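The listed protein sequences correspond, in order, to chains L and A. Under numbering that gives the first Met the number 0, think of the first position of the first sequence as 0, with each following residue one higher. Under numbering that gives the first Met the number 0, think of the first position of the second sequence as 0, with each following residue one higher.
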Amino acid sequence: MDGNGRWAARRSLPRTAGHRAAETTVIDVIEAARSAGVGWLSLFAFSTENWRRPDTEIEFLMHLVRRVVRKHAPLLHARGIRCRFLGMTDPRIPPGLARDIADLMTLTGRNRQMTLTVAFDHGGRKDIVEAARSLIRSGVPAGSVTEESFAAHLPFSDTPDVDLVIRTSGEQRISNFMLWQVAYAEWVFPSVLWPDFRAPDFLRCLHAYRQRERRFGAVPPSRNGEPES
Amino acid sequence: MTTADGHHSTTTTGAGGHRGGNGDAGEEPLFGPGSQFHGFFNDPRWALAMIRATVLEAAHPQVGAALIDSSTFVAHPWRRLRNTLTSLQRMFGTDDHTRQREAARLNRLHARLRGTDPHDRPYDAMDPDARAWVVATLFESTVTMCRLSGQPLEQRTMERLYAEFQAFHVALGEDEGHLPGTLDEFWPYYDRVVAEDLENTEAMRIILYKLFDHLPAPPVLSGFPALWATGRTVAGPVVGAITVASLPEPFRRRAGLPELAGAQTVMQGTYLVAGLARFLPEGWLRAEDVLGLLTLSPDGDDPRARTVGALRDRMKRAGALIRLIAPLSPEPEPDPGGGTERGAREFFTEVLDQTGDGYLDWPDLAAMARELSTRLDLDEPEEGPVPDRLPPRRRRRGRHLRPRRVRQRLPVLHVRTPPHHPLRPAPRRRVTARRDTS
Chain L
0 MDGNGRWAAR RSLPRTAGHR AAETTVIDVI EAARSAGVGW LSLFAFSTEN
50 WRRPDTEIEF LMHLVRRVVR KHAPLLHARG IRCRFLGMTD PRIPPGLARD
100 IADLMTLTGR NRQMTLTVAF DHGGRKDIVE AARSLIRSGV PAGSVTEESF
150 AAHLPFSDTP DVDLVIRTSG EQRISNFMLW QVAYAEWVFP SVLWPDFRAP
200 DFLRCLHAYR QRERRFGAVP PSRNGEPES
Chain A
0 MTTADGHHST TTTGAGGHRG GNGDAGEEPL FGPGSQFHGF FNDPRWALAM
50 IRATVLEAAH PQVGAALIDS STFVAHPWRR LRNTLTSLQR MFGTDDHTRQ
100 REAARLNRLH ARLRGTDPHD RPYDAMDPDA RAWVVATLFE STVTMCRLSG
150 QPLEQRTMER LYAEFQAFHV ALGEDEGHLP GTLDEFWPYY DRVVAEDLEN
200 TEAMRIILYK LFDHLPAPPV LSGFPALWAT GRTVAGPVVG AITVASLPEP
250 FRRRAGLPEL AGAQTVMQGT YLVAGLARFL PEGWLRAEDV LGLLTLSPDG
300 DDPRARTVGA LRDRMKRAGA LIRLIAPLSP EPEPDPGGGT ERGAREFFTE
350 VLDQTGDGYL DWPDLAAMAR ELSTRLDLDE PEEGPVPDRL PPRRRRRGRH
400 LRPRRVRQRL PVLHVRTPPH HPLRPAPRRR VTARRDTS
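So, in structure tokens, the structure goes:
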């Protein structure tokens, strides 16, 4: 969800206008993903590093997220979307927002049409550190630790590996996003800013993903007598 | 301690004059299935009668003082109700050994409840007159319950029921003389106690007017505070008004209890409707089942917990939806606990402060010991040392049911903890523990 600030700056609007405009994109992308049969959709809304932004912008964002959560909760539930929030550990998160998010997760907890994970106050490194702490606390011998057993200690450990990451606004960085899960993800970097990103853009990204050959480090299978590379 | 008037000194036994047991051959049994009491135990009207009996008990100065000082009925009413029903089942069951064991347990428990009331009058939970009055209120409230619901007991049934309560009284280890020997003698005794002995005690006022205001949700409804609070707000005053209306008129007048317009009608109507539950299929309203359901923990191992858990889950989701679509409420105060761990205040309220008076004191420790002994079903050898190590209690003045500010006061708590133990109290408050050299 990159480019809100630049979107506003290009229109000589305050940064907050860009955040506000992002709401439409969020709902559009959710609908598009659900219609396309995507089972797991994650949105990176707010990173642990975003707390460094000006207090007024953070306060605005918190109010905006709370308003969006409350506004769209019935729709998300009606669509059968399970909503989860990844992160959410910082005490600076307003209690009202935390309660509404908890209510949204309770309300949609049994839905299975699609799982929407909103990374909010999220940091990939922090998750890995927390998983390591949890693993140590569980007393697992070092020799017994495997990738699978480690992943089981990550938050929302049932989340599958990410297949495709779409980073809008042309930026080409990971930015501490779900570091463990994106290990083998395909990346797409559309130049469009997030508030302008719409369902057709999303479908184009999906199409690009489908064109790719995912080898996961292995050798591609030979086809029609072509020599193995 | 016995009253000097010798009113209860008759040695005449009641109908049959039994000392426990299950009655003579050919007669209806005094305990267990077939007894009159057994027929009432699962009667929904009995819930109202129990509240009424408890109010009349609490109006007795000695019982009221003991309740105020030591009972956990305010802070843990559901647990107290469950323990009372279990105890009554044991006392009125068929097994004599169970009855004797339960009576011994009750006597051990009550033997430790003594002190002085706010007027410096001594009280003792083992006082024979007070114990006789408790049994009398149970009997009289059962009879009155039938009258108020339009199904008065026949004379013979009433006599038989009285004999059962006499046998219960005797099974507790009391002399037969402390309850009048016959039913004919009972009513003058009852009227005299109501007219002369009962008072408008603090315990009675709490039961009538405060208990329902603060009645915590039963475990099965603990996840729905708003629902419970709404129901309690409506039901509390109604139950209070019904109970007051059912009390003897001379006592209502003397205690200055309110006479609400229509209260008598509502009270009789409630008893009547509760009495209609007898037409339900047998087993639908067994007291232990209903209470078991109310005290059922959704996280427990009980097979019904899954159903209750599913129901709770649905209600939680409904509650979440209602909150989300409701107009935006002001920001709530941040939760200092921040997680699922029990905060210090919660731990104090739910665990340490057993009597719910805002203090940690001897009665709280005694109540914890009693509850542990009850849950572990300890006999005297195992139970004895626990409460005996508690120091003698001190009387406090100016106590409040629920102080706004919870204060943790430990001046009378004798604690022995190892050096540097995290629970070791600050030196200023520490009191050297007696060493038990036995």
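Where a beta carbon is used, it is the ideal one built from N, C-alpha and C, also for glycine. Computed from a predicted structure; not experimentally measured.
{"Query": "Interfacial residues, the segment 100 to 133 of chain L to chain A, with Cβ spacing under 9 angstroms", "Result": "Ala101, Asp102, Leu103, Met104, Thr105, Leu106, Thr107, Gly108, Arg109"}
{"Query": "C-alpha distance - glutamate 185 (chain L) paired with arginine 209 (chain L), whole-angstrom precision", "Result": "10 angstroms"}
{"Query": "Chain L residues whose Cβ lies nearer than 7 angstroms to that of lysine 209 (chain A)", "Result": "Under the 7 angstroms cutoff, chain L gives no residues; its nearest Cβ is about 30 angstroms from lysine 209 (chain A)."}
{"Query": "Beta-ladder partner(s) of serine 34 (chain A), from DSSP", "Result": "In the DSSP output, where bridge partners are listed per residue, serine 34 (chain A) has none listed."}
{"Query": "Nearest-angstrom beta carbon gap, proline 194 (chain L) and glycine 230 (chain L) [assumed within contact, 8 angstroms]", "Result": "What is shown of chain L runs 0 to 228, which leaves residue 230 (chain L) out entirely."}
{"Query": "contact_flag[the segment 266 to 275 of chain A, the segment 238 to 245 of chain A] where n(CB pairs < 8 angstroms) is 3 or more", "Result": "yes"}
{"Query": "Inter-residue spacing [alpha-carbon to alpha-carbon] between leucine 173 (chain A) and arginine 305 (chain A)", "Result": "The amino acid occupying residue 173 (chain A) in the given sequence is glutamate; leucine does not appear at that position. Whole-angstrom Cα-Cα distance: 45 angstroms."}
{"Query": "Pair within 9 angstroms by beta-carbon distance, aspartate 89 (chain L) and tryptophan 50 (chain L)", "Result": "yes"}
{"Query": "Nearest-angstrom Cα separation, counted from arginine 132 (chain L) out to glycine 123 (chain L)", "Result": "14 angstroms"}
{"Query": "Straight-line gap, arginine 159 (chain A) to aspartate 312 (chain A) (C-alpha atoms, nearest Å)", "Result": "48 angstroms"}
{"Query": "For threonine 105 (chain L) and glycine 114 (chain A), the rounded distance between their alpha carbons", "Result": "51 angstroms"}
{"Query": "Beta-carbon proximity of valine 28 (chain L) to phenylalanine 149 (chain L), cut-off 9 angstroms", "Result": "no"}
{"Query": "Coil, strand or helix - tyrosine 208 (chain L) by DSSP", "Result": "helix"}
{"Query": "Proximity test, Cβ basis, 9 angstroms: arginine 311 (chain A) and chain L", "Result": "no"}
{"Query": "Proline 121 (chain A) in three-state terms, based on DSSP", "Result": "strand"}
{"Query": "Beta-carbon proximity list for isoleucine 80 (chain L), same chain, < 8 angstroms, skipping 5 on both sides", "Result": "Ile29, Arg33, Thr107, Asn110, Gln112, Met113, Thr114, Leu115"}
{"Query": "Short-range partners of chain L found in the segment 50 to 79 of chain A, where Cβ spacing is below 9 angstroms", "Result": "none"}
{"Query": "Extent of the continuous alpha helix (DSSP H) to which glycine 38 (chain L) belongs", "Result": "Glycine 38 (chain L) -> no alpha helix (DSSP H), and no H or E assigned at all."}
{"Query": "Amino acids of chain A, ordered along the chain, whose beta-carbon sits closer than 9 angstroms to that of proline 73 (chain L)", "Result": "Leu320, Leu323, Ile324"}
{"Query": "Proximity to valine 73 (chain A) [Cα-Cα], best of A:Trp361, A:Leu371, A:Glu349", "Result": "A:Glu349"}
{"Query": "With 16 other Cβ atoms within 10 Å as the buried cut-off, status of tyrosine 183 (chain L)", "Result": "exposed"}
{"Query": "At least 3 beta-carbon pairs within less than 8 angstroms: the segment 76 to 93 of chain A vs the segment 25 to 43 of chain A", "Result": "yes"}
{"Query": "Chain-ordered chain L contacts of arginine 316 (chain A) [CB-CB under 8 angstroms]", "Result": "Thr105, Leu106, Gly108, Arg109"}
{"Query": "Any chain A beta carbon closer than 9 angstroms to valine 67 (chain L)", "Result": "no"}
{"Query": "Sequence-distant residues of the same chain with beta carbon closer than 6 angstroms to glutamine 171 (chain L), five excluded per side", "Result": "Phe188"}
{"Query": "CB contact below 9 angstroms: glycine 95 (chain L) versus chain A", "Result": "yes"}
{"Query": "Cβ neighbours of alanine 7 (chain L) in the same chain (closer than 7 angstroms, five flanking residues each side left out)", "Result": "Pro13, Arg14, Ala16, Gly17"}
{"Query": "Rounded straight-line distance, which links the Cα of threonine 136 (chain A) to that of tyrosine 188 (chain A)", "Result": "12 angstroms"}
{"Query": "Secondary structure of aspartate 352 (chain A), DSSP reduced to three states", "Result": "coil"}
{"Query": "Glutamate 139 (chain A) versus A:Thr200, A:Pro127, A:Leu152, residue with shortest Cα-Cα distance", "Result": "A:Leu152"}
{"Query": "Contact check, valine 161 (chain L) vs leucine 323 (chain A), beta carbons under 9 angstroms", "Result": "no"}
{"Query": "Nearest neighbour of phenylalanine 230 (chain L), chosen from L:Leu205, L:Pro94, L:Ser41 [CA to CA]", "Result": "Outside the modelled stretch of chain L, which goes from 0 to 228, sits residue 230 (chain L), for which no answer is possible."}
{"Query": "Status (buried if at least 16 other CB within 10 Å, exposed otherwise) for alanine 166 (chain A)", "Result": "buried"}
{"Query": "Test item: CB-CB of alanine 124 (chain A) and valine 62 (chain A) under 9 angstroms", "Result": "yes"}
{"Query": "Candidates A:Glu175, A:Leu210, A:Arg251: closest to glutamate 198 (chain A) by CA position", "Result": "A:Arg251"}
{"Query": "Cβ contact check for the segment 231 to 240 of chain A and the segment 205 to 214 of chain A: 3 or more pairs under 8 angstroms", "Result": "yes"}
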